[in-house]
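To start, the structure under review is shown below, and the notes come after it.
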Amino acid sequence: MSTENTTQSAARERGADGVRLSAGDTELTVHPDHGCRIGSLRVGGTELLRQGDKYGCFPMVPWCGRIDHGRFRNGGELHQMPVNSPPHAIHGTGRNLRWRTARTGDTTAAFTYELTDPAAPWPYPGTVTQVVELAEDGGSLTLTMGVEATGDSFPAQAGWHPWFLRNLGEGQDVQIDFAPEWQEERGPDHLPTGRRITPKPGPWDDCFGMSRGVEVTLTWPGRLELTVSSRTEWVVVYDEQEAAVCVEPQSGPPNGLNTAPRLVTPIDPLEISTTWSWRAL
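The opening position of the sequence shown corresponds to residue 222 in our numbering, with each subsequent residue numbered one higher.
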């Protein structure tokens with residue numbers, strides 16, 4: 222096959238069908254045109270993520286979880302975000318946009334979008350970058366996201382919302398193991414009340430604190446063990462759905478733009494990473 226044909230074939234593979242990365246017995250597909258979500262993660266031929274337009278694993282940016290009635294302040298300015306989960310705004314706008322593919326290789330790819338993209342505008346200019354990287358042996362995946370300000374400073378958050386399959390097609394359902402130091406008390410409006418409580422047993426749709434870094438292990442007995450780790454201290458665990466469970470490392474709690482704002486400035490970007498590592502059982 223000629224070099225030209227090879228290039229055209231690679232372009233097709235990384236176009237409408239997404240950007241495909243592989244290492245060892247692991248394959249994943251990222252869809253930059255669909256919110257830069259990971260649409261598929263297959264280890265040893267087994268799919269780990271729930272399939273469908275809303276699922277896979279999507280980046281939450283420039284905020285995570287819910288914002289109270291979609292409103293947040295930056296100094297004296299009050300901003301209204303689209304209320305996409307009434308009465309709140311949820312999970313940011315990056316998951317709804319077309320990201321630009323900045324670079325690709327066999328095991329790594331980088332993607333960007335502008336915060337002021339007219340398809341889902343944010344009131345402050347800046348750039349978001351996501352890097353997706355498989356380990357050379359195919360035994361782990363590292364996701365890194367950065368939020369940069371190119372003008373005025375603003376509060377922001379970033380994180381990921383993976384939908385791991387509850388059952389891999391045979392055997393027992395997944396088991397979740399983690400040891401948080403506290404749980405954010407959840408009010409009737411699904412927002413943290415600001416009170417930290419002793420962690421309660423599930424099922425959960427709750428935010429937890431792990432001050433030494435997030436570490437949550439998912440075990441499909443007899444099949445696979447997968448650990449989600451991150452240096453951030455916040456993780457939301459959601460296991461109220463029959464088909465999937467979610468372990469969401471993020472840079473702050475739900476409604477954090479109002480309660481725990483982390484300012485992004487031109488000299489102080491926000492950066493967060495998470496690593497998923499796995500082993501067969």
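No residue lacks a Cβ here, since even glycine has one placed at the ideal position from N, Cα and C.
Span of the beta strand (DSSP E) holding residue i?
i	result
T348	347-355
R316	Premise fails: R316 is in no beta strand (DSSP E) and is neither H nor E.
C428	426-430
S450	445-451
Q396	396-398
R271	Looking at the DSSP string, R271 is not in any beta strand (DSSP E), and its letter there is neither H nor E.
R263	258-264
R417	413-418
To the nearest angstrom, how far is the alpha carbon of residue i from that of residue j?
i	j	result
G423	G372	43 Å
T333	R324	10 Å
E492	A340	24 Å
G477	G239	32 Å
V353	R294	32 Å
S450	T496	5 Å
P470	W455	6 Å
D338	G291	18 Å
S494	E405	22 Å
E446	P475	28 Å
W284	I311	8 Å
V395	T438	10 Å
G273	D246	23 Å
Note the first and the last residue of the continuous alpha helix (DSSP H) segment covering residue i.
i	result
L478	477-480
Which term fits residue i, buried or exposed, when burial requires 16 or more other beta carbons within 10 angstroms of its beta carbon?
i	result
S432	exposed
T250	buried
L262	buried
L362	buried
L502	exposed
R321	exposed
W258	Correcting the residue identity first, residue 258 is Arg in this sequence and not Trp. R258 comes out buried.
Based on DSSP bridge pairs, tell me the residues matched to residue i.
i	result
I288	A310
F375	V485
G367	T350, E492
E405	R417
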